[in-house]
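> Residue numbers (the numbering used here), protein chains in the order written: chain A, 8 to 267; chain B, 8 to 267. Glycine included, every Cβ here is placed at the ideal spot set by N, Cα and C.
2 protein chains.
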Amino acid sequence: MSEAADQIFATLRHQAQSGAPLYLQLRKSIEDAVNRGLIGPGDALPSERDIATKADISRVTVRKAVQDLVKGGILVQRHGSGTFVAPRMERVEQSLSRLTSFTEDMARRGMVVRSAWLDRGLYAPSPDEMMVLGLSSSELVARVARLRIANDTPLAIERASLSASVLPDPADIGSSLYAALELTGNRPVRAVQRISAANLGDSDARLLEVPPGIAGLHIERISYLASGKVIEFTRSIYRGDAYDFVAELRLTGPSEEGRP
Amino acid sequence: MSEAADQIFATLRHQAQSGAPLYLQLRKSIEDAVNRGLIGPGDALPSERDIATKADISRVTVRKAVQDLVKGGILVQRHGSGTFVAPRMERVEQSLSRLTSFTEDMARRGMVVRSAWLDRGLYAPSPDEMMVLGLSSSELVARVARLRIANDTPLAIERASLSASVLPDPADIGSSLYAALELTGNRPVRAVQRISAANLGDSDARLLEVPPGIAGLHIERISYLASGKVIEFTRSIYRGDAYDFVAELRLTGPSEEGRP
DNA sequence: GGCTATTGGTATTTTATTGGTATTATTCGC
DNA sequence: GCGAATAATACCAATAAAATACCAATAGCC
Chain A
8 MSEAADQIFA TLRHQAQSGA PLYLQLRKSI EDAVNRGLIG PGDALPSERD IATKADISRV
68 TVRKAVQDLV KGGILVQRHG SGTFVAPRME RVEQSLSRLT SFTEDMARRG MVVRSAWLDR
128 GLYAPSPDEM MVLGLSSSEL VARVARLRIA NDTPLAIERA SLSASVLPDP ADIGSSLYAA
188 LELTGNRPVR AVQRISAANL GDSDARLLEV PPGIAGLHIE RISYLASGKV IEFTRSIYRG
248 DAYDFVAELR LTGPSEEGRP
Chain B
8 MSEAADQIFA TLRHQAQSGA PLYLQLRKSI EDAVNRGLIG PGDALPSERD IATKADISRV
68 TVRKAVQDLV KGGILVQRHG SGTFVAPRME RVEQSLSRLT SFTEDMARRG MVVRSAWLDR
128 GLYAPSPDEM MVLGLSSSEL VARVARLRIA NDTPLAIERA SLSASVLPDP ADIGSSLYAA
188 LELTGNRPVR AVQRISAANL GDSDARLLEV PPGIAGLHIE RISYLASGKV IEFTRSIYRG
248 DAYDFVAELR LTGPSEEGRP
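1) Looking at the secondary structure, which residues open and close the beta strand (DSSP E) in which Glu227 of chain A lies?
2) Does any residue of chain A have a CB that is nearer than 8 Å to the CB of Gly190 of chain B?
3) State buried or exposed for Val67 of chain B, treating a residue as buried only when at least 16 other CB atoms are found within 10 Å of its CB.
4) If Gly247 of chain A sits next to Ala212 of chain A, beta carbons under 8 Å apart, how far is it from one beta carbon to the other, in whole angstroms?
5) Beta-carbon of Ala51 of chain B versus every beta-carbon of chain A: anything under 8 Å?
6) Spell out whether any CB of chain A is found under 8 Å from the CB atom of Phe252 of chain B.
7) Quick check: is the beta carbon of Ser203 of chain B nearer than 8 Å to any beta carbon in chain A?
8) Give the residues from the region 75–89 of chain B that approach chain A closer than 8 Å (Cβ to any Cβ), ordered along the chain.
9) Give me the residue from B:Ala163, B:Glu165, B:Leu162, B:Glu189 with the minimum Cα distance to Leu174 of chain B.
10) Compare the C-beta of Gln22 of chain B with all C-beta atoms of chain A and state if any pair is closer than 8 Å.
11) Which residues in the same chain have their Cβ closer than 6 Å to the Cβ of Ala17 of chain A, if we skip the five residues on either side of it in sequence?
12) List, in order along the chain, the chain A residues whose C-beta lies closer than 8 Å to that of Pro223 of chain B?
13) With a Cβ-Cβ cutoff of 8 Å, do Gly80 of chain B and Tyr185 of chain A count as a contact?
14) Please state whether DSSP places Leu190 of chain A in a helix, a strand or coil.
15) Please say whether His225 of chain A and Ala3 of chain A have beta carbons closer to each other than 8 Å?
16) Evaluate Ser210 of chain A with the Cβ neighbour count: other Cβ atoms within 10 Å of its Cβ, from every protein chain shown; 16 or more gives buried, anything less gives exposed.
17) When burial is assigned at 16 or more other CB atoms within 10 Å of the CB, is Ser243 of chain A buried or exposed?
18) Considering only the beta carbon of each residue, do Leu169 of chain A and Glu239 of chain A sit closer than 8 Å?
19) Just to confirm the assignment, what range does the beta strand (DSSP E) spanning Asn206 of chain B have?
20) Can you tell me whether Ile58 of chain A is helix, strand or coil according to DSSP?
21) Looking at C-alpha atoms only, which residue of A:Ile64, A:Glu146, A:Gly44, A:Ile202 is the closest neighbour of Leu31 of chain A?
22) Output the distance between the C-alpha atoms of Pro132 of chain A and Asp126 of chain A, rounded to the nearest integer angstrom.
23) Where does Ala254 of chain A land, buried or exposed, given buried means 16+ other C-beta within 10 angstroms?
24) Put Tyr30 of chain A into one of helix, strand or coil per three-state DSSP.
25) Near Gly187 of chain B, which residues of its chain fall below 6 Å by C-beta distance, leaving aside the five closest residues on each side in sequence?
26) Is the beta carbon of Val151 of chain B less than 8 Å from the beta carbon of Pro177 of chain B?
27) Hey, how far is the Cα of Pro28 of chain B from the Cα of Leu19 of chain B?
28) What residues of chain A sit near Val199 of chain B, judged by a beta carbon separation below 8 Å?
29) Going by C-alpha to C-alpha distance, which of A:Arg153, A:Arg34, A:Gly141, A:Val120 sits closest to Val237 of chain A?
30) Just verifying my parser: in three-state terms, what is the DSSP assignment at Ala245 of chain B?
31) Between which two residues does the alpha helix (DSSP H) harbouring Glu216 of chain A extend?
32) Just to confirm the assignment, what range does the beta strand (DSSP E) spanning Ala17 of chain B have?
33) Here's the rule I'm using: 16 or more other beta-carbon atoms within 10 Å means buried, otherwise exposed. How should Met138 of chain B be labelled?
34) Would you verify that the beta carbon of Ala93 of chain B is, or is not, closer than 8 Å to some beta carbon of chain A?
35) Within the continuous alpha helix (DSSP H) that includes Arg271 of chain B, where are the two ends?
36) Could you give the DSSP three-state label for Val83 of chain B: helix, strand or coil?
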C-alpha cells in the first residue's frame, strides 16, 4: 500500500505537537494529501487498520477522521473493499487514438463504468442505413444502442448499426462491439470519424440527464472491412460539458506542407 | 507459444514483491507487454493453464486478470481456441497543417473563403497565457484573432496567443500564422488539441451570426517547438452546425495471416 | 466423419482483508 | 460533579482474492 499514500503520515507527524485532537490532525493530513493531488480520485487509501498502526493511534480514531471526510464527500468507502478518494466530476478526455476503449479509459481515471442497453435487436433498415451499409430493403439491420455511464453519471449515447449478416444475434455482444466482430471474422481495418457539435434534443438530453439544448459532441464513425465494404456505422453523442477529445498532432515532413 | 510472450513473466516477477493482488500484477504484466508491442494485435497469449503453471498461480487467478482485459477490449477470447490480443483502432497521423488548414478544407468543398481580422496586437499577458506560454508579467503577448468566413457565412473564430518574442509585430502576418512563424525560424513540430462542445456565448454568437446558445465546437490547441517549448496557444470556436472534424482511424494488426 | 487432446467457461468453497458497530474508559470544559 | 467530546477494545459483516473440481466448445489428427 505504501506508494504515495505515505505522504499522509509525513504531514501528520509535522503537526504532531499542535495539541489539536488526533482525529482532526489526521483528517487534515488526508485532506491535504487529496488537495495537493498526492492521491487522486479513485486511489485507495491504506486500510483503516494500516493507518492506525502506522500512525500509532486507535482504529476508531482513524475511523472518525475518515468518516468526516466521507460525509464531506471527499472519500468513499466500500464495505469489505476499502476506502477511496471520491471521484470528481471533471472533464474527461479521450484521446482520438484510443477511441475504442471507453471502459479502459474511464477505469484509468478511477471511475466506475457501466453501460445500460438502450436497444439490441434486428430491424428493417432505415434509408440512411441502407445507403451507408449497402443493404437492400429485404435485408435486416442490427442495431445496438447503449448508454455509457461513469460513476452513475451518463456520459454518452452510442448507437451502432450493422448489417445483420455480420451480427445475427445482437443480444450476445459482450462489452466490446469490436471484440464481437472479431469473433465472427469481420474485422474493420479502417474507419472515418466525423466530430461535430449539436444541441441535444429532448430525448437525448433526458437520457444524459442534462437540460435540453445543451451542447453535445456528435461523433459519427463509419468502419470499413479490408474489402472496402462498410461494416459498421455508429452515431455517438457525448455530453459536451463532461468530455474532451484530445488529439496529438505531429507536423510531418518539411515546412512546405500545404498551409492556409 | 514461448516466443516473446515470455516477456509477460519477466515483468511479472519484477513486481513480485509489490504486495498488490496477484491478478493485478499479472494484468499489468500483460497490459505492458501489449502496450510495449511485445505482443501485437492478433497474437495468441499462452493458454490460461500455461500461464498459471509458469507463474505458479491458480488458473482462476489468471482468468481474473485476463477477463479484466477482455472486458476492457484489450484481449479477445475464443472458446476452445485461445486468447488473443484484440485489434485496435489507431488514429492515422494527421499532419498539423492538414488539421488546421481551414482554407484548404473549405476550398475542397467548393467554398470561397476569406478572413476578417478581429484583433492583432501586443498586450500584457493574462494569467492563463502566462502559465501556458511560460511568460513573466513583464513580457508581452501577441494576440491574433480572426473570423473565418466561407461563402459569406462566418464559420469560426480563431484566437491565438504567442509570446511577443516570436511574433514582435502581429500586424504583418499574411494569411498564414504558421508561415509567419516559419520566417522567424519558430516552427512548431507538435501540437495537442482538445475538442469539446459548448454553447456559444452572446458575443461569439453575434460574430458567427447565429442565435446565442447554439452548440459550437470549441478547439484548444497548444503547439510546441522541437525544444519542447510552447510557442502558440489557440482557442477556436466553430459553428457546430456547419463544421465537421474528420479523422481517419486505422486498425492495427496482422494484415492477413495470423488471424486465429 | 469421429475421436481426442487442448482450449476457454463455470460453479463452489475457503480464506484473508476490509469496513461497520456496540461497548467501555478517558479526558476536558463548564 | 456532570456531560460532551475523545479515544480505545472487542467483535460482526461484507467483500475480494484465490484455489479446486468439473463442464463445454473448438481444432486437429486419424
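Result, derived from the coordinates:
1) Looking up residue 227 of chain A in the first sequence gives position 220. Looking at the DSSP string, the run of the beta strand (DSSP E) that includes Glu227 of chain A is 222–232.
2) Translated into positions along the second sequence, residue 190 of chain B becomes position 183. Residue 190 of chain B is actually Leu in this sequence, not Gly. For Leu190 of chain B, the answer is no, since every Cβ of chain A falls outside 8 Å of its Cβ.
3) Against the second sequence, residue 67 of chain B aligns to sequence position 60. When all chains shown are included, Val67 of chain B counts as exposed.
4) The residue you call residue 247 of chain A lines up with position 240 of the first sequence. The residue you call residue 212 of chain A lines up with position 205 of the first sequence. About 11 Å separates the two Cβ atoms, so there is no contact after all.
5) For this step, residue 51 of chain B is matched to residue 44 along the second sequence. By this cut-off, Ala51 of chain B is not an interface position.
6) Translated into the one-based positions of the second sequence, residue 252 of chain B becomes position 245. Closer than 8 Å: yes.
7) Indexing the second sequence from 1 puts residue 203 of chain B at position 196. Taking Cβ atoms only, chain A reaches closer than 8 Å to Ser203 of chain B, which makes this a yes.
8) Val77, Lys78, Gly79, Gly80, Ile81, Val83, Arg85
9) Counting from 1 along the second sequence, the entry for residue 174 of chain B is found at position 167. Nearest C-alpha to Leu174 of chain B: B:Glu189.
10) The residue given as residue 22 of chain B occupies position 15 in the second sequence. False, the Cβ-Cβ gap to chain A never drops below 8 Å.
11) In the first sequence, the residue the question calls residue 17 of chain A occupies position 10. Closer than 6 Å at Cβ, skipping near neighbours: no residue.
12) What you label residue 223 of chain B is simply residue 216 of the second sequence in a count that begins at 1. Note on residue identity: the sequence assigns Gly, not Pro, to residue 223 of chain B. Neighbours of Gly223 of chain B on chain A, chain order: Ala204, Ala222.
13) Against the second sequence, residue 80 of chain B aligns to sequence position 73. Against the first sequence, residue 185 of chain A aligns to sequence position 178. Contact: yes.
14) Position 183 of the first sequence holds residue 190 of chain A. In the structure shown, Leu190 of chain A sits in a helix (DSSP, three-state: H, G or I).
15) With chain A covering only 8 through 267, there is no way to say anything about residue 3 of chain A.
16) Position 203 of the first sequence, counted from the first residue, corresponds to residue 210 of chain A. Exposed, because fewer than 16 other Cβ atoms sit within 10 Å of the Cβ of Ser210 of chain A.
17) As a position in the first sequence, residue 243 of chain A is number 236, starting the count at 1. Burial call: buried.
18) Indexing the first sequence from 1 puts residue 169 of chain A at position 162. Indexing the first sequence from 1 puts residue 239 of chain A at position 232. Yes, the pair counts as a contact, with Cβ atoms nearer than the cut-off.
19) Mapped onto the second sequence, residue 206 of chain B falls at position 199. Here the beta strand (DSSP E) through Asn206 of chain B covers 197–206.
20) The count along the first sequence starts at 1 and reaches residue 58 of chain A at position 51. Here Ile58 of chain A sits in helix by DSSP.
21) As a working note, residue 31 of chain A is residue 24 in the first sequence. Residue A:Ile64 is the option with its Cα nearest to Leu31 of chain A.
22) In the first sequence, the residue the question calls residue 132 of chain A occupies position 125. In the first sequence, the residue the question calls residue 126 of chain A occupies position 119. C-alpha separation (whole angstroms): 15 Å.
23) Position 247 of the first sequence, counted from the first residue, corresponds to residue 254 of chain A. So Ala254 of chain A counts as buried.
24) Here residue 30 of chain A corresponds to residue number 23 of the first sequence, with the count starting at 1. Of the three classes helix, strand and coil, the one that applies to Tyr30 of chain A here is helix, per DSSP.
25) In the second sequence, the residue the question calls residue 187 of chain B occupies position 180. In the sequence as presented, Gly is not what sits at residue 187 of chain B; that position holds Ala. Closer than 6 Å at the Cβ level, and outside the excluded window around Ala187 of chain B, lie Ile180.
26) As a position in the second sequence, residue 151 of chain B is number 144, starting the count at 1. As a position in the second sequence, residue 177 of chain B is number 170, starting the count at 1. Yes, the Cβ-Cβ distance between Val151 of chain B and Pro177 of chain B is below 8 Å.
27) As a working mapping, residue 28 of chain B is identified with position 21 in the second sequence. As a working mapping, residue 19 of chain B is identified with position 12 in the second sequence. Each residue's Cα considered, the two are about 12 Å apart.
28) By one-based count along the second sequence, residue 199 of chain B stands at place 192. Within 8 Å Cβ-Cβ: Val253, Ala254, Glu255, Leu256.
29) In the first sequence, the residue the question calls residue 237 of chain A occupies position 230. Closest by alpha carbon: A:Gly141.
30) Your numbering for residue 245 of chain B matches position 238 in the second sequence. A small correction: the amino acid at residue 245 of chain B is Tyr; Ala does not occupy that position in the sequence shown. Strand at Tyr245 of chain B.
31) Mapped onto the first sequence, residue 216 of chain A falls at position 209. Counting along the chain, Glu216 of chain A falls outside any alpha helix (DSSP H), and DSSP gives it neither H nor E.
32) Against the second sequence, residue 17 of chain B aligns to sequence position 10. From DSSP, Ala17 of chain B is part of no beta strand (DSSP E) but of the alpha helix (DSSP H) over 14–21.
33) Working through the second sequence from its first residue, we reach residue 138 of chain B at position 131. Burial call: exposed.
34) Along the second sequence, read from residue 1 onward, the residue named residue 93 of chain B stands at position 86. Closer than 8 Å to some Cβ of chain A, the Cβ of Ala93 of chain B qualifies, so yes.
35) The first residue shown for chain B is 8 and the last is 267, placing residue 271 of chain B beyond what the model contains.
36) In the second sequence, residue 83 of chain B corresponds to position 76, counting from 1. Of the three classes helix, strand and coil, the one that applies to Val83 of chain B here is strand, per DSSP.
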